[in-house]
Amino acid sequence: MIGGMKSFTATIQLGVLLLSGCSFLEPRSTFQIASADRPVKSAFLQLCKQAFALTNRDGRWQTSIKVPGDCHGGISVTMSDRRRIFCSIGYVTVNDGSHWFFTIKGDGCRSRVTYGDAGSGNGS
249 MIGGMKSFTA TIQLGVLLLS GCSFLEPRST FQIASADRPV KSAFLQLCKQ AFALTNRDGR
309 WQTSIKVPGD CHGGISVTMS DRRRIFCSIG YVTVNDGSHW FFTIKGDGCR SRVTYGDAGS
369 GNGS
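Each number in my numbering comes from the position in the sequence shown (counting from 1) with 248 added on.
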(Lines of atoms letter the chains of each structure in order from A; the text may use other names.)
(Lines give C-alpha, C1' and ligand atoms only; values in the text may rest on other atoms or scores of the structure.)
Protein backbone atom coordinates (compact mmCIF):
# COMPACT_ATOMS: atom_id res chain seq x y z
CA MET A 249 0.00 0.00 0.00
CA ILE A 250 2.78 2.44 0.87
CA GLY A 251 4.64 1.67 -2.39
CA GLY A 252 1.45 2.36 -4.37
CA MET A 253 0.92 5.63 -2.50
CA LYS A 254 4.47 6.79 -3.29
CA SER A 255 3.92 5.99 -6.94
CA PHE A 256 0.61 7.88 -6.94
CA THR A 257 2.23 10.91 -5.23
CA ALA A 258 5.10 10.88 -7.72
CA THR A 259 2.61 10.79 -10.60
CA ILE A 260 0.70 13.78 -9.18
CA GLN A 261 3.95 15.73 -8.68
CA LEU A 262 4.99 15.00 -12.25
CA GLY A 263 1.60 16.16 -13.53
CA VAL A 264 1.85 19.43 -11.58
CA LEU A 265 5.37 19.97 -12.89
CA LEU A 266 4.27 19.40 -16.48
CA LEU A 267 1.23 21.66 -16.16
CA SER A 268 3.28 24.46 -14.64
CA GLY A 269 5.54 24.36 -17.70
CA CYS A 270 2.77 24.56 -20.28
CA SER A 271 3.98 27.91 -21.57
CA PHE A 272 5.91 26.01 -24.25
CA LEU A 273 2.53 24.90 -25.65
CA GLU A 274 1.33 28.46 -26.21
CA PRO A 275 1.32 29.45 -29.89
CA ARG A 276 4.32 31.48 -30.99
CA SER A 277 4.52 33.67 -34.05
CA THR A 278 7.53 33.50 -36.35
CA PHE A 279 8.96 36.42 -38.29
CA GLN A 280 11.57 35.84 -41.03
CA ILE A 281 13.27 37.97 -43.65
CA ALA A 282 15.59 37.14 -46.52
CA SER A 283 17.16 39.47 -49.06
CA ALA A 284 17.19 38.62 -52.73
CA ASP A 285 19.89 41.05 -53.84
CA ARG A 286 22.19 42.17 -50.98
CA PRO A 287 23.16 41.11 -47.45
CA VAL A 288 21.26 42.17 -44.35
CA LYS A 289 23.34 43.74 -41.58
CA SER A 290 20.70 43.70 -38.80
CA ALA A 291 16.95 43.38 -38.25
CA PHE A 292 14.60 44.19 -35.39
CA LEU A 293 10.95 43.31 -34.98
CA GLN A 294 8.90 46.20 -33.58
CA LEU A 295 5.59 44.96 -32.26
CA CYS A 296 3.24 46.25 -29.54
CA LYS A 297 5.76 48.98 -28.62
CA GLN A 298 8.44 46.34 -27.96
CA ALA A 299 11.58 45.45 -29.93
CA PHE A 300 12.88 41.93 -30.60
CA ALA A 301 16.18 41.20 -32.38
CA LEU A 302 16.14 38.80 -35.32
CA THR A 303 19.07 36.39 -35.57
CA ASN A 304 20.83 35.29 -38.74
CA ARG A 305 20.58 31.61 -39.60
CA ASP A 306 22.03 30.69 -42.98
CA GLY A 307 21.10 34.02 -44.59
CA ARG A 308 17.60 34.06 -43.11
CA TRP A 309 16.96 36.43 -40.26
CA GLN A 310 14.29 35.25 -37.84
CA THR A 311 12.72 35.31 -34.42
CA SER A 312 9.89 33.40 -32.80
CA ILE A 313 7.89 35.09 -30.04
CA LYS A 314 4.66 34.91 -28.11
CA VAL A 315 2.90 38.02 -29.42
CA PRO A 316 2.60 40.38 -26.42
CA GLY A 317 -0.79 41.85 -27.38
CA ASP A 318 -3.18 42.74 -30.18
CA CYS A 319 -1.30 45.25 -32.34
CA HIS A 320 0.58 45.97 -35.56
CA GLY A 321 4.19 46.79 -36.29
CA GLY A 322 7.00 45.82 -38.62
CA ILE A 323 10.59 44.75 -39.09
CA SER A 324 13.24 47.43 -39.34
CA VAL A 325 16.06 46.15 -41.54
CA THR A 326 19.50 47.65 -42.04
CA MET A 327 21.20 46.43 -45.21
CA SER A 328 24.97 45.98 -45.62
CA ASP A 329 25.04 49.18 -47.72
CA ARG A 330 23.44 51.00 -44.73
CA ARG A 331 20.08 51.49 -46.44
CA ARG A 332 17.13 51.00 -44.11
CA ILE A 333 13.96 49.20 -45.09
CA PHE A 334 10.78 48.82 -43.05
CA CYS A 335 8.68 45.72 -43.66
CA SER A 336 5.17 46.44 -42.40
CA ILE A 337 3.27 43.81 -40.40
CA GLY A 338 -0.50 43.97 -40.33
CA TYR A 339 -2.61 43.36 -37.28
CA VAL A 340 -1.56 40.41 -35.10
CA THR A 341 -3.26 38.99 -32.04
CA VAL A 342 -2.11 37.04 -29.01
CA ASN A 343 -1.95 33.29 -29.67
CA ASP A 344 -2.62 33.56 -33.42
CA GLY A 345 0.44 31.42 -34.25
CA SER A 346 1.13 33.41 -37.42
CA HIS A 347 4.18 32.85 -39.61
CA TRP A 348 5.43 35.96 -41.43
CA PHE A 349 8.02 35.68 -44.19
CA PHE A 350 9.40 38.73 -45.99
CA THR A 351 11.56 38.84 -49.09
CA ILE A 352 13.49 42.07 -49.58
CA LYS A 353 14.31 43.08 -53.12
CA GLY A 354 15.60 46.54 -53.96
CA ASP A 355 14.03 48.90 -51.45
CA GLY A 356 10.82 46.93 -50.97
CA CYS A 357 9.40 44.03 -48.99
CA ARG A 358 7.07 41.33 -50.20
CA SER A 359 5.26 39.46 -47.44
CA ARG A 360 3.65 36.07 -47.09
CA VAL A 361 1.75 35.08 -43.97
CA THR A 362 0.16 31.87 -42.76
CA TYR A 363 -1.85 31.28 -39.61
CA GLY A 364 -1.76 28.19 -37.42
CA ASP A 365 0.10 25.07 -38.42
CA ALA A 366 0.43 25.31 -42.21
CA GLY A 367 1.79 21.76 -42.34
CA SER A 368 -1.41 20.31 -40.89
CA GLY A 369 -3.73 22.04 -43.34
CA ASN A 370 -4.94 24.43 -40.62
CA GLY A 371 -2.91 27.36 -41.97
CA SER A 372 -4.19 29.89 -44.47
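For every residue, glycine included, the Cβ atom is placed at its ideal position computed from N, Cα and C.
One thing to note: residue 281 has its Cβ within 8 Å of the Cβ of residue 350. Apart from sequence neighbours up to five positions away, the residues of its chain that approach residue 353 with a beta-carbon distance below 8 Å are 283, 284 and 285, ordered along the chain. Residue range 356-362 is occupied by the beta strand (DSSP E) that includes residue 362. The beta carbon of residue 336 lies closer than 7 Å to those of 322 in the same chain, with the five residues before and after it left out. In the three-state reduction of the DSSP assignment, residue 325 falls in the strand class, which pools E and B. Between the C-alpha atoms of residue 276 and residue 306 there is a straight-line separation of about 21 Å.
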